[in-house]
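*Asks:* First, the structure itself, so that you have it in front of you.
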Amino acid sequence: MEFIRSRIENQLMSLTGLSLGQLDLENPKGDPGLFGPDSISWQVHGDFSSMLIGGISALLLQALHPLALAGVWDHSNFRQDMLGRLRRTSQFVSGTTFGSRRDAEWLIEKVRTIHLQVVGTAPDGRPYAASDPDLLTWVHVAEVSNFLAAHLRYRNPQLSLAEQDRYYAEIAVVAERLGARDVPKSRQAVADYLQRMRPQLLCDERSREVLRLLLDAPAPSVLARPFGDLMMKAGIDLLPDWASDMFDARQNPLQRQLIRASVKRSAPMLRWAMRNGSVQRAKRRMGLLR
Numbered sequence: 001m002e003f004i005r006s007r008i009e010n011q012l013m014s015l016t017g018l019s020l021g022q023l024d025l026e027n028p029k030g031d032p033g034l035f036g037p038d039s040i041s042w043q044v045h046g047d048f049s050s051m052l053i054g055g056i057s058a059l060l061l062q063a064l065h066p067l068a069l070a071g072v073w074d075h076s077n078f079r080q081d082m083l084g085r086l087r088r089t090s091q092f093v094s095g096t097t098f099g100s101r102r103d104a105e106w107l108i109e110k111v112r113t114i115h116l117q118v119v120g121t122a123p124d125g126r127p128y129a130a131s132d133p134d135l136l137t138w139v140h141v142a143e144v145s146n147f148l149a150a151h152l153r154y155r156n157p158q159l160s161l162a163e164q165d166r167y168y169a170e171i172a173v174v175a176e177r178l179g180a181r182d183v184p185k186s187r188q189a190v191a192d193y194l195q196r197m198r199p200q201l202l203c204d205e206r207s208r209e210v211l212r213l214l215l216d217a218p219a220p221s222v223l224a225r226p227f228g229d230l231m232m233k234a235g236i237d238l239l240p241d242w243a244s245d246m247f248d249a250r251q252n253p254l255q256r257q258l259i260r261a262s263v264k265r266s267a268p269m270l271r272w273a274m275r276n277g278s279v280q281r282a283k284r285r286m287g288l289l290r
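Under the UniProt record's numbering, the residue at position 29 of the sequence shown is numbered 29, and the numbers go up by one with no gaps.
In structure tokens, the structure reads:
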């Protein structure tokens, strides 16, 4: 049983930013980082399955914004290394959430520096810059709205409305430090923002290529392939109906029921296996776990 547990954990860890080996989330002792263990951000970002599903859905939603997609398309190797992009994104999210204050600030400054180099012209002729405050807000909202949606569906449906608002208010700090502006900080503000953004969104050949690449993304092992396929389907299912309609990827009610039931069956096993993830390391840093 211990062998199986370690094998599953190793497979999961290979998907995370921890596999890059650049952060020590267990030190310095007692450093709460940007949020600390009493934050809602630690709760929402602490579950591997829901964060992976939310991340997949967020990537698809981001791909509907032509300028956001152009920057990634022109300045990233994600088409050749989807797993690498997943790890780098995971490192940023887990490091800014669970890392020490120094590590969180290092990651934010690192990304700010990279963004300054990401400039160009989109296929429609419009200039883009990854440091554009409005684009940063879009990327942030696409991420955190899906992280929270996945948490509510697969981890804690009882998270109160006040706690959901608190999550958005907390996590806005990261976006603002990256340079985002007018970041929505409540459920209603996020819903209103997404509604306002819809006329700017477009599903084109590049957007559909992102969906295809995600569906064809390599798994860390043959045994992990069914789990990876399930996570991808769950990420598509998590999209707002209007977004899945834009991708022409809406699943029927039976498919959705089967996907959600399968995730809910597999998630407890993954939580059992994960003993050395970001949240566990951060809790050890704070003296909350041995």
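For every residue, glycine included, the Cβ atom is placed at its ideal position computed from N, Cα and C. None of these values were measured; they are calculated from a predicted model.
Report the CB separation of Arg-112 from Leu-178 in whole angstroms; it is logged as a contact under 8 Å.
*Replies:* Contact holds; Cβ gap of about 6 Å.
*Asks:* With distances taken between CB atoms, is the gap from Leu-201 to Leu-64 smaller than 9 Å?
*Replies:* Yes, the Cβ-Cβ distance between Leu-201 and Leu-64 is below 9 Å.
*Asks:* Pick out the complete beta strand (DSSP E) segments inside the region 79 to 152, 3 residues or longer, and give them in chain order.
*Replies:* DSSP runs (the beta strand (DSSP E)) wholly in the region 79 to 152: 119 to 121, 127 to 129.
*Asks:* Quick check: what's the CA-CA separation for Leu-107 versus Gly-99?
*Replies:* Their Cα atoms are separated by approximately 10 Å.
*Asks:* Taking its Cβ as the centre, do 16 or more other Cβ atoms sit within 10 Å of residue 329, making it buried, or is it exposed?
*Replies:* Outside the displayed span of the chain (1 to 290) sits residue 329, for which this structure offers no information.
*Asks:* Could you tell me the distance, in whole angstroms, from the CA atom of Ala-130 to the CA atom of Asp-103?
*Replies:* Each residue's alpha carbon lies about 22 Å from the other.
*Asks:* Can you tell me the Cα-Cα spacing of Ser-57 and Ser-266, whole angstroms?
*Replies:* Between Ser-57 and Ser-266, the C-alpha separation is close to 19 Å.
*Asks:* Can at least three beta-carbon pairs, one atom from the region 144 to 152 and one from the region 38 to 54, be found at a separation below 8 Å?
*Replies:* Judged by Cβ distances under 8 Å, the region 144 to 152 makes contact with the region 38 to 54, as three or more pairs qualify.
*Asks:* According to DSSP, is Leu-159 helix, strand or coil?
*Replies:* Three-state DSSP puts Leu-159 in coil, outside helix and strand.
*Asks:* Determine the burial state of Met-1: buried for a count of at least 16 other Cβ atoms within 10 Å of its Cβ, exposed for fewer.
*Replies:* Flag for Met-1 reads exposed.
*Asks:* Could you give the distance in angstroms between the alpha-carbon of Asp-74 and the alpha-carbon of Gly-287?
*Replies:* Taking the straight line from one Cα to the other gives about 44 Å.
*Asks:* If we count the other Cβ atoms within 10 Å of its Cβ and call it buried at 16 or more, is Pro-184 buried or exposed?
*Replies:* With 16 or more Cβ atoms within 10 Å of its Cβ, Pro-184 is classed as buried.
*Asks:* Does DSSP put Asp-216 in a helix, in a strand, or in coil?
*Replies:* It is coil, neither helix nor strand.
*Asks:* Give a yes or no on whether the C-beta atoms belonging to Met-274 and Glu-26 are separated by under 9 Å.
*Replies:* No. Outside cutoff.
*Asks:* Can you give the beta carbon distance from residue 307 to Ser-186, rounded, assuming they're within the 8 Å contact cut?
*Replies:* Residue 307 is absent from the structure shown; the chain starts at 1 and stops at 290.
*Asks:* Would you call the region 221 to 237 in contact with the region 254 to 263, where contact means no fewer than 3 C-beta pairs closer than 8 Å?
*Replies:* A contact exists between the region 221 to 237 and the region 254 to 263.
*Asks:* Can the beta-carbon of Gln-91 be found less than 9 Å from the beta-carbon of Leu-34?
*Replies:* Contact flag unset, no.
*Asks:* I need the straight-line Cα distance from Ala-282 to Asp-31, nearest angstrom please.
*Replies:* When rounded, the distance between both Cα atoms is 9 Å.
*Asks:* Skipping 5 residues on each side, what residues in its chain have a beta carbon closer than 7 Å to that of Val-190?
*Replies:* These residues qualify, in order along the chain: Val-141, Ser-145, Tyr-168, Pro-184.
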